[in-house]
Amino acid sequence: MEELLLFQQILLEGISNKTRYLLDKIDWSNRLIAIKGARGTGKTTLLLQRLGRQSSNNSEMLYATLDDLYFLKSSLIDLAKEFTLNGGTHLFLDEVHKYPYWSRELKLIYDRYPKLNIVFTSSSMLEIYKGESDLSRRAVTYELNELSFREFLEFGYDIELPVFQLEEILDHHQNISREIIQKLDSPVKYFQEYLQYGCYPYFQEGREVYLGKLLRTASLIIETDMNVVEGIVYEDSLKIKKLLVAIAQSAPFTPNISKLSERLGMNRKFLIQAIRLLESAHLIMQFFKPGKGIGTFTKPEKLYLNNPNLVVALGETKAEKGTLRETFFANQIRNFHQVNLAEKGDFLIDEKFIFEVGGKSKNNKQIQNIPNSFVVRDDIEVGVMNTIPLWLFGFLY
């Protein structure tokens, strides 16, 4: 355990002071907290920042990643026992999906050591109620999403700006836009940068190598994480990769499941499962019209890549602006709101608001005379009436 504490201290010394939106949203008083998220979103940094904030006495806190060599000779239960005997109160466990008996041992630790608080991170694909021991009644689960446009500005340019609720933006978008413009020169220019390389914190490691890292991350998710979490074998992971490329070449599109399965050599059941896995891995988004039952084998009505950076990285040709616009809007808003496809317009939000997304010349012809409808335009700084700048939806978190 001393080696783990030493490693923890090294990590804490190099931790960033830039924090993700989720850090202050979590109720840290809960005894068992699960933080899920895709690779590269900053789960490890979030754990260490919380650890550093919580106490100056780091001997009461312990960070451990579950793929550490320590766990080749000692179990998670052994660690918890030794840690509590030495006065430990808070255990921060990273990447639990890489430990074979994570759910069983976490349940035992939770029951045996009632004074111990545990926070653990996992792949976004992990469903905690599907482990050997059901933790869903014990753990409070949070999801860490990709960087918002607002966070990109803070991480990349030290420009700190507030979060706005959706209703605030809809009701007061002109005032909010002007308020932001006073602190941010040319939001449209920064927004175009975000669409290319702003969705993951590691853009700070070098923008010129960012898209290459993103492609490697996507490959690791499919080849490694899907194997660990869902038992996907290598041959099937190659098929899932082909599916992701097929979606990237055509998104957004309505998939023809029969033709797609024939083209990729997948049966219908596996194809629908692969689509579900890609979405749970935060690589794609699938959308349905309201009222349609979404079951395990329900065919999605429309598929998008998960965020605009993936559109740029996976696209064989230059990414279409229309695709980037719709992908950005859907990605930012679905984190906290229900998103469906609209009969008229592009998206129906919370079964109440209709949005038509387009360029600066987009008009409201398609949604004219529809209550609670809005036009979302790219390449404008300030909107008018029911026309709102696209970039402003990057301030929802």
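Here the sequence shown is numbered in UniProt numbering, starting from 1 and rising by one per residue.
Backbone N, C-alpha and C fix where the C-beta goes; we use that ideal spot for every residue, glycine too.
Since we're looking at a predicted model, the values are computed, not measured.
If you reduce the DSSP assignment to three classes, tell me which class residue 90 lands in.
Position 90 of the sequence shown, counted from the start, is the residue given in the question as residue 90. DSSP places residue 90 in strand when its eight states are reduced to three.
Is the segment 337-346 in contact with the segment 270-278, if contact means three or more CB pairs nearer than 8 Å?
Contact between the segment 337-346 and the segment 270-278 is absent, because fewer than three Cβ pairs lie under 8 Å.
Would you grab the beta carbon distance between residue 170 and residue 374 for me? Rounded to a whole angstrom, and I think it's under 8 Å.
For the purposes of this step, residue 170 is taken as the residue at position 170 of the sequence shown. For the purposes of this step, residue 374 is taken as the residue at position 374 of the sequence shown. Sure, about 7 Å apart at Cβ, within 8 Å.
With a threshold of 16 other CB atoms inside 10 Å of the CB of residue 187, please say whether the residue is buried or exposed.
Looking up residue 187 in the sequence shown gives position 187. Under this definition residue 187 is a buried residue.
Can you round the beta-carbon distance between residue 225 and residue 281 to whole angstroms, since I take them to be within the 8 Å contact cut?
Counted from its first residue, the sequence shown places residue 225 at position 225. Counted from its first residue, the sequence shown places residue 281 at position 281. Their Cβ separation, rounded to whole angstroms, is 7 Å, which keeps residue 225 and residue 281 in contact under 8 Å.
Taking C-beta to C-beta, are residue 83 and residue 93 nearer than 8 Å?
For this step, residue 83 is matched to residue 83 along the sequence shown. For this step, residue 93 is matched to residue 93 along the sequence shown. Going by C-beta atoms, residue 83 is not nearer than 8 Å to residue 93.
Using the C-alpha atoms, what's the distance from residue 276 back to residue 288?
Within the sequence shown, the letter at position 288 stands for residue 288. Within the sequence shown, the letter at position 276 stands for residue 276. Roughly 13 Å between the two C-alpha positions.
Tell me the DSSP bridge mates of residue 156?
Here residue 156 refers to the residue found at position 156 of the sequence shown. None, per the DSSP bridge assignment.
Can you pull the DSSP bridge partners for residue 119?
For the purposes of this step, residue 119 is taken as the residue at position 119 of the sequence shown. Answer is 33, 92, bridged to residue 119.
Just how far apart, CA to CA, sit residue 70 and residue 99?
The sequence position of residue 70 within the sequence shown is 70, counting from 1. The sequence position of residue 99 within the sequence shown is 99, counting from 1. About 12 Å.
Return helix, strand or coil for residue 373, following the three-state DSSP convention.
One-based indexing of the sequence shown puts residue 373 at position 373. Residue 373 falls in the strand class under three-state DSSP.
May I ask you to list the residues that DSSP assigns as paired with residue 384?
For the purposes of this step, residue 384 is identified with residue 384 of the sequence shown, where counting begins at 1. DSSP, once it has assigned bridges, lists 387 as partnering residue 384.
Helix, strand or coil for residue 218? Go by DSSP, reduced to three states.
Here residue 218 refers to the residue found at position 218 of the sequence shown. Of the three classes helix, strand and coil, the one that applies to residue 218 here is helix, per DSSP.
Just reading off the beta strand (DSSP E) that residue 287 is part of, what are its end residues?
Locating residue 287 in the sequence shown gives position 287, where the first residue counts as 1. Run containing residue 287: 284-287, per the beta strand (DSSP E) assignment.
Taking the runs of the beta strand (DSSP E) that are 3 residues or longer, which of them lie wholly in the segment 309-357?
DSSP runs (the beta strand (DSSP E)) wholly in the segment 309-357: 339-341, 347-349.
Once DSSP output is grouped into helix, strand and coil, what is the label at residue 141?
Reading the sequence shown from its first residue, position 141 is the one you call residue 141. Residue 141: strand per DSSP, three-state reduction.
Given a cut-off of 8 Å, decide if residue 333 and residue 283 are closer than it, judged by their beta-carbon atoms.
As a first step, residue 283 is located in the sequence shown; it is residue number 283 there, counting from the start. As a first step, residue 333 is located in the sequence shown; it is residue number 333 there, counting from the start. It is not a contact, given that the beta carbons lie outside the stated cut-off.
With a 10 Å radius around its C-beta and 16 neighbouring C-beta atoms as the bar for buried, classify residue 114 as buried or exposed.
Your numbering for residue 114 matches position 114 in the sequence shown. By the 10 Å Cβ count, residue 114 comes out exposed.
Below 7 Å CB to CB, which residues in the same chain sit around residue 381 once its five sequence neighbours on both sides are set aside?
As a working mapping, residue 381 is identified with position 381 in the sequence shown. Taken in chain order, the residues that qualify are 177, 181, 187, 188, 389.
With C-beta atoms as the reference, is residue 352 less than 8 Å away from residue 367?
As a first step, residue 352 is located in the sequence shown; it is residue number 352 there, counting from the start. As a first step, residue 367 is located in the sequence shown; it is residue number 367 there, counting from the start. No, they are not a contact pair.
Closest to residue 244 by CA distance: which of 311, 184, 323 is it?
Position 244 of the sequence shown, counted from the first residue, corresponds to residue 244. The candidate whose alpha carbon is nearest that of residue 244 is 311.
Quick one: using the 10 Å Cβ neighbour count with 16 as the cut-off for buried, is residue 10 buried or exposed?
Looking up residue 10 in the sequence shown gives position 10. Exposed, by the Cβ-count rule.
Mapping the DSSP letters down to three states, classify residue 61 as helix, strand or coil.
Residue 61 sits at position 61 when you count from the first residue of the sequence shown. In this structure, residue 61 counts as strand in the three-state DSSP scheme.
If you draw a straight line from the alpha carbon of residue 222 to that of residue 239, how long is it in whole angstroms?
The residue given as residue 222 occupies position 222 in the sequence shown. The residue given as residue 239 occupies position 239 in the sequence shown. Near 10 Å, if we compare the C-alpha coordinates of residue 239 and residue 222.
Would residue 88 pass as a contact of residue 60 if the rule is Cβ separation under 8 Å?
Residue 88 sits at position 88 when you count from the first residue of the sequence shown. Residue 60 sits at position 60 when you count from the first residue of the sequence shown. Contact flag set, yes.
Give the straight-line distance between the Cα atoms of residue 42 and residue 33, rounded to the nearest whole angstrom.
Counting from 1 along the sequence shown, the entry for residue 42 is found at position 42. Counting from 1 along the sequence shown, the entry for residue 33 is found at position 33. Roughly 16 Å separates the two Cα atoms.
So the candidates are 314, 79, 86, 247; which of them puts its Cα closest to the Cα of residue 285?
Taking the first residue of the sequence shown as position 1, residue 285 is located at position 285. When each option's Cα is compared against that of residue 285, the closest is 247.
Under three-state DSSP, which class holds residue 101?
Within the sequence shown, the letter at position 101 stands for residue 101. Coil.
Going by DSSP in three states, residue 164 sits in which element: helix, strand or coil?
In the sequence shown, the residue the question calls residue 164 occupies position 164. Three-state result, residue 164: coil.
How is the alpha helix (DSSP H) around residue 269 delimited, first residue to last?
Here residue 269 is taken as the residue at index 269 of the sequence shown, counted from 1. 268-280 is the extent of the alpha helix (DSSP H) around residue 269.
What residue range does the beta strand (DSSP E) around residue 302 cover?
Numbered from its first residue, the sequence shown carries residue 302 at position 302. 302-305 is the extent of the beta strand (DSSP E) around residue 302.
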